[in-house]
Amino acid sequence: AQKITQTQPGMFVQEKEAVTLDCTYDTSDQSYGLFWYKQPSSGEMIFLIYQGSYDEQNATEGRYSLNFQKARKSANLVISASQLGDSAMYFCAMREPLNFNKFYFGSGTKLNVKP
Amino acid sequence: EAQVTQNPRYLITVTGKKLTVTCSQNMNHEYMSWYRQDPGLGLRQIYYSMNVEVTDKGDVPEGYKVSRKEKRNFPLILESPSPNQTSLYFCASSFSGSADTQYFGPGTRLTVL
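Protein chains in written order, with this note's numbering: chain Z, 64 to 178; chain D, 10 to 122.
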């Protein structure tokens, strides 16, 4: 079974609007970390936001927030007030520290912000 | 400056010719990892290391070798590259806690003819 599933290969959003990128995960561990990374066309991987499995509050970092629904095993990224520079690939990832400390990535969502 | 460096950034080679991609980090991270990125598949972990002389297989280790003789370096070795190893490769490092994000190198674009 896929550990991380991102069901939206590509998305469009109008500049200044909010957008939600979906991510579901599969784990039987109680302790895990969830991450989102951005990959612009230049290729580098940029860390955006982290959510711990024991965190009760949703994580926020500037215009990024993570909508964490533990029972549904969902960790969606919300980008508010989209900017043209947000056009990129976005990857959801999970770290299982008690399971050999492995990282798992989803297949990514390509976001295009329209002016 | 805290960083992960990879060399070379681009490499075109032929089937069967052994190659090494170097990776080095200056953040004193215990954990280092190699990934390959292919369209539609995201990043897949090849090998990872939790400390010096401790390495383990990720999800796609076939055809690759690694070593971790020093904390800062984690080279990826392709002893007999094949065309299906044409990909974009990333090295990453982090501390070992569940909350610790990885820091990625700039990537190595490998083409095997």
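Backbone N, C-alpha and C define an ideal beta-carbon position, used for all residues, glycine too.
The structure presented is a predicted model; accordingly, all values stated were derived computationally and were not measured.
In this structure, the straight-line span from the alpha carbon of tyrosine 57/D to that of asparagine 82/D is close to 12 angstroms.
With its beta carbon less than 8 angstroms from one in chain D, glycine 169/Z belongs to the interface.
Per the coordinates, the alpha-carbon of leucine 97/D lies some 23 angstroms from the alpha-carbon of histidine 38/D. For serine 58/D, the uninterrupted beta strand (DSSP E) run begins and ends at 51-60, by DSSP. With its beta carbon less than 8 angstroms from one in chain D, asparagine 164/Z belongs to the interface. A direct Cα-Cα distance of roughly 36 angstroms separates glycine 148/Z from leucine 161/Z.
Take the alpha-carbon of lysine 136/Z and the one of aspartate 47/D: they are about 25 angstroms apart. Beta-bridge analysis with DSSP links glutamate 39/D to no other residue.
Where glycine 96/Z is concerned, the enclosing beta strand (DSSP E) starts and stops at 96-102. Within the same chain, Cβ atoms closer than 7 angstroms to the Cβ of glutamine 71/Z are found at Leu84, Asp85 and Thr172, the five residues on either side in sequence being excluded. Within the same chain, and ignoring the five residues on either side of glycine 73/Z in sequence, the residues whose Cβ sits closer than 6 angstroms to its Cβ are Lys173. Judged by pairs of C-beta atoms under 8 angstroms, the region 19-31 of chain D touches the region 84-100 of chain D, as three or more such pairs exist. At a cut-off of 8 angstroms between beta-carbon atoms, leucine 119/D makes no contact with chain Z.
For threonine 110/D, a Cβ of chain Z is located within less than 8 angstroms of the residue's own Cβ. Per DSSP, reduced to three states, the secondary structure at asparagine 16/D is strand. Non-local beta-carbon contacts of arginine 158/Z in its own chain, meaning distances under 6 angstroms to residues more than five positions away in sequence, involve Gly96 and Phe166 in chain order.
The count of Cβ pairs closer than 8 angstroms, one atom from the region 101-113 of chain D and one from the region 95-111 of chain Z, reaches three, so the stretches are in contact. The C-beta of leucine 85/D comes no closer than 8 angstroms to any C-beta of chain Z.
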